[in-house]
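My numbering numbers the first residue of the sequence shown as 233 and each following residue consecutively. We treat Cβ as the ideally placed atom computed from N, Cα and C, and that holds for glycine. A quick note: this is a predicted structure, and the numbers were derived from the prediction, not measured. So the structure is just underneath, and the comments pick up after that.
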Amino acid sequence: MRFTDFVRSRPNLRFLFTGGKGGVGKTVAAAGMAYYFATQGQKVLLVSLNPVHSLSSVFGQDLWGGQIKPVEGVENLWACEVDISDVMQRYKDMLGRRLREFFKWADIPINPDPFIDIATTNPAFEESAMFDKMVDIMLEQGPNYDKIVFDCAAVANAIRLIGLSKIYTLWLQRMIESRKEALSLRVKLSFRKEKVMEEIKKDPLMADLISMDKRIRAAKKFLMDPEATAFFFVTLPLALPISVVKRFIRMVKAFDIPIGGVIVNCVIPRSVVEKGERSEYMLNKLREQEGYMAIIERDLGPLVRAYIPLFETEVAGVDMIAKVADALVSGEMPE
Ligand SMILES: Nc1ncnc2c1ncn2[C@@H]1O[C@H](COP(=O)(O)OP(=O)(O)OP(=O)(O)O)[C@@H](O)[C@H]1O
Ligand SMILES: [Mg+2]
């Protein structure tokens with residue numbers, strides 16, 4: 233099924249993701265999709281969740297700053313390169329408060345700063361902050377746009393990013409339960425039950441946990457709804473990115489994330505070799521590509537939505553993105 237047929241078959245589709253191996257064209261494909269929907273008259277937000285942003289360079293305009301900015305030269309299209317520094321600071325402050333409370337409570341005279349630094353320099357912390365931002369955008373901006381296209385970082389990150397919703401809910405349930413247990417134990421052990429109950433109602437940790445649980449559940453509902461969400465995999469006609477996509481698909485299925493399909497990028501058009509470049513070098517490249525195309529057809533055939541040709545130059549600027557969108561619309565192998 234072609235990309236356009238797929239999106240037509242999902243009239244309520246709102247959240248699109250692109251993922252794949254590093255450098256295969258995830259950002260280019262996401263930009264092409266966003267451009268396509270915008271030119272169809274839909275209101276579109278393109279969001280980069282990759283800590284190493286590249287929307288600015290793909291569009292050839294400054295989209296950095298963490299805010300939603302209109303894309304110049306494309307009506308109905310907005311973009312945002314997500315900045316996680318504020319969330320990271322919020323996490324640090326929260327963790328610091330909790331650790332200080334805990335050390336005081338346990339009567340441990342120790343400076344919590346080194347512990348906070350260790351915990352927050354963990355890469356998982358950044359991922360979690362990015363996930364938090366993604367949930368914010370889904371819940372807050374979801375109602376304001378017809379489509380939100382998320383450009384994710386390379387495979388593992390993207391999958392964990394989305395899979396986190398499932399893990400988070402499990403973890404939060406456990407945390408809420410054990411917090412309830414701890415609090416009820418305090419009530420049982422106390423002589424001043426009413427006073428303790430009053431305090432418990434204001435328990436900041438419990439309030440945090442419950443509000444986080446609510447947000448994640450709301451986002452998870454969208455993320456796992458095949459009518460609302462579709463995850464697209466981008467690959468090149470080469471061994472490694474193909475095997476990454478296959479592995480990726482298995483992981484995504486395990487997390488119940490709906491699959492949109494596969495986009496094959498950087499396909500050398502046959503005519504290039506037949507009409508002009510008949511060098512041994514180009515013939516070999518084309519032969520190699522045909523071998524990998526056969527593998528893609530065999531292993532991923534029904535999922536392929538479009539082929540993007542290998543352009544003469546890198547993809548930079550709105551005119552080039554328009555060509556990517558044309559390829560998505562055509563859905564055919566570039567000739
Ligand atoms: N079809 C194409 N023809 C020519 N150049 C392309 C094509 N697709 C992508 N490129 C170029 O390849 C480079 C990588 O593309 P892109 O940034 O979209 O990949 P990515 O998967 O998002 O990378 P990262 O993993 O770093 O996020 C860019 O310089 C882009 O312009
Ligand atoms: Mg990218």
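- May I ask you to list the residues that DSSP assigns as paired with Val381? Within the sequence shown, the letter at position 149 stands for residue 381. As DSSP reads the structure, Val381 sits in a beta bridge with Leu248, Leu278.
- Query: Under 7 Å from any heavy atom of ligand 1, does the C-beta of Leu441 make it?
  - Reply: On the sequence shown, position 209 is the one that residue 441 refers to. No, the Cβ of Leu441 stays beyond 7 Å of every heavy atom of ligand 1.
- On the three-state DSSP scale, how would you describe Arg329? Position 97 of the sequence shown, counted from the start, is the residue given in the question as residue 329. The answer is helix: DSSP assigns Arg329 an H, G or I state.
- Message: Quick check on the DSSP output: what are the complete alpha helix (DSSP H) runs of length 4 or more inside the stretch 292-360, in order along the chain?
- Response: As far as the stretch 292-360 is concerned, its whole alpha helix (DSSP H) runs of at least 4 residues are 317-337, 345-352.
- Taking the alpha-carbon positions, what's the Ala385 to Leu248 distance? Here residue 385 refers to the residue found at position 153 when the sequence shown is read from its first residue. Here residue 248 refers to the residue found at position 16 when the sequence shown is read from its first residue. Their backbone Cα atoms lie some 14 Å apart in a straight line.
- Task: State the DSSP-derived secondary structure class of Phe235, mapped to helix, strand or coil.
- Result: Taking the first residue of the sequence shown as 1, we reach residue 235 at position 3. Here Phe235 sits in helix by DSSP.
- What three-state label does DSSP hand Arg177 in the structure shown? Because the chain here runs from 233 to 567, residue 177 falls outside it and cannot be looked at.
- Do you know how far the Cα of Leu518 is from the Cα of Pro566? Indexing the sequence shown from 1 puts residue 566 at position 334. Indexing the sequence shown from 1 puts residue 518 at position 286. The alpha-carbon atoms of Pro566 and Leu518 are separated by roughly 13 Å.
- Message: In the DSSP output, what is Ala462 paired with across the bridge?
- Response: Here the question's residue 462 lines up with position 230 in the sequence shown. Beta-bridge pairing links Ala462 to Leu248.
- Query: Under the three-state reduction of DSSP, which class applies to Ala486: helix, strand or coil?
  - Reply: As a first step, residue 486 is located in the sequence shown; it is residue number 254 there, counting from the start. Ala486: helix per DSSP, three-state reduction.
- Limits of the beta strand (DSSP E) - the one that Arg537 falls within: In the sequence shown, counting from the first residue as 1, residue 537 sits at position 305. Note, Arg537: beta strand (DSSP E), 536-541.
- Task: Would you mind giving the Cβ-Cβ distance between Val556 and Ala361, rounded to the nearest angstrom? I have them listed as a contact below 8 Å.
- Result: As a first step, residue 556 must be located in the sequence shown, where it is residue number 324. As a first step, residue 361 must be located in the sequence shown, where it is residue number 129. Going by Cβ atoms, the distance from Val556 to Ala361 rounds to 30 Å, so no, they are not a contact pair.
- Query: What do you get for Pro375, buried or exposed, if any count of 16 or more other CB atoms within 10 angstroms of its CB means buried?
  - Reply: Looking up residue 375 in the sequence shown gives position 143. Exposed, because fewer than 16 other Cβ atoms sit within 10 Å of the Cβ of Pro375.
- Could you say if the stretch 487-495 and the stretch 461-469 meet the contact criterion of at least three C-beta pairs nearer than 8 Å? Contact between the stretch 487-495 and the stretch 461-469 is present: 3 or more CB-CB pairs across the two stretches fall below 8 Å.
- Query: In three-state terms, what does DSSP make of Thr467?
  - Reply: As a working mapping, residue 467 is identified with position 235 in the sequence shown. Thr467: strand per DSSP, three-state reduction.
- Item | Whole-angstrom distance between Met438 and Arg411, CA atom to CA atom | Here residue 411 refers to the residue found at position 179 when the sequence shown is read from its first residue. Here residue 438 refers to the residue found at position 206 when the sequence shown is read from its first residue. As the crow flies, the alpha-carbon of Arg411 is around 7 Å from that of Met438.
- Using 10 angstroms around the beta-carbon of Val387, count the other beta-carbons present and answer buried if the total reaches 16, otherwise exposed. Position 155 of the sequence shown, counting from 1, holds the residue named residue 387. Low per-residue confidence applies at Val387: pLDDT is 49, beneath 50, and the placement is therefore not dependable, though the value from the model is reported in the following sentence. Burial state of Val387 is buried, judged by a 10 Å Cβ sphere holding 16 or more other Cβ atoms.
- Message: Quick check: the stretch 324-333 against the stretch 413-421, are at least 3 beta-carbon pairs closer than 8 Å?
- Response: Counting C-beta pairs with one atom in each stretch, the stretch 413-421 and the stretch 324-333 have fewer than three that are closer than 8 Å, which means they do not touch.
- Coarse secondary structure for Val387, derived from DSSP in three states: If you number the sequence shown from 1, residue 387 lands on position 155. Unreliable placement is indicated for Val387, whose pLDDT of 49 sits below 50; the coordinate value is still reported in the next sentence. Annotated three-state conformation of Val387 is helix, per DSSP.
- Excluding sequence positions up to five away, which residues of its chain have a Cβ less than 7 Å from the Cβ of Glu529? Position 297 of the sequence shown, counting from 1, holds the residue named residue 529. Contacts found: none.
- Simplified DSSP assignment, three categories, for Met499: Residue numbering aside, residue 499 sits at position 267 when the sequence shown is read from its first letter. The question names Met, yet the displayed sequence has Val at residue 499. Looking at Val499 - three-state DSSP - the assignment turns out to be strand.
- Inter-residue spacing [alpha-carbon to alpha-carbon] between Thr461 and Gly533: Along the sequence shown, one-based indexing puts residue 461 at 229. Along the sequence shown, one-based indexing puts residue 533 at 301. Their Cα atoms are separated by approximately 21 Å.
- Gly493 - partner residues in DSSP beta bridges: To locate residue 493, count along the sequence shown from 1; it is residue 261. The beta-bridge partner set that DSSP reports for Gly493 consists of Phe464.
- Query: Three-state secondary structure (DSSP) at Pro566?
  - Reply: Working through the sequence shown from its first residue, we reach residue 566 at position 334. The answer is coil: DSSP assigns Pro566 none of H, G, I, E or B.
- Give the single residue among Leu470, Gln293, Ala351 whose Cα lies nearest to the Cα of Gln521. Translated into positions along the sequence shown, residue 521 becomes position 289. Closest by C-alpha distance to Gln521, out of Leu470, Gln293, Ala351, is Leu470.
- Item | Which of helix, strand or coil DSSP assigns to Asp364 | Numbered from 1 along the sequence shown, position 132 holds the residue referred to as residue 364. For Asp364, the three-state secondary structure derived from DSSP is helix.
- So, helix, strand or coil for Arg530, using DSSP? By 1-based counting over the sequence shown, the position of residue 530 is 298. Helix, per DSSP.
- Query: Which of the three DSSP states, helix, strand or coil, is assigned to Glu544?
  - Reply: Here residue 544 refers to the residue found at position 312 when the sequence shown is read from its first residue. Annotated three-state conformation of Glu544 is coil, per DSSP.
- What three-state label does DSSP hand Asp445 in the structure shown? By one-based count along the sequence shown, residue 445 stands at place 213. In the structure shown, Asp445 adopts helical secondary structure according to DSSP, grouped into three states.
- What separation, rounded to the nearest whole angstrom, lies between the Cα atoms of Phe357 and Ile348? By 1-based counting over the sequence shown, the position of residue 357 is 125. By 1-based counting over the sequence shown, the position of residue 348 is 116. Distance between the alpha carbons of Phe357 and Ile348: 11 Å.
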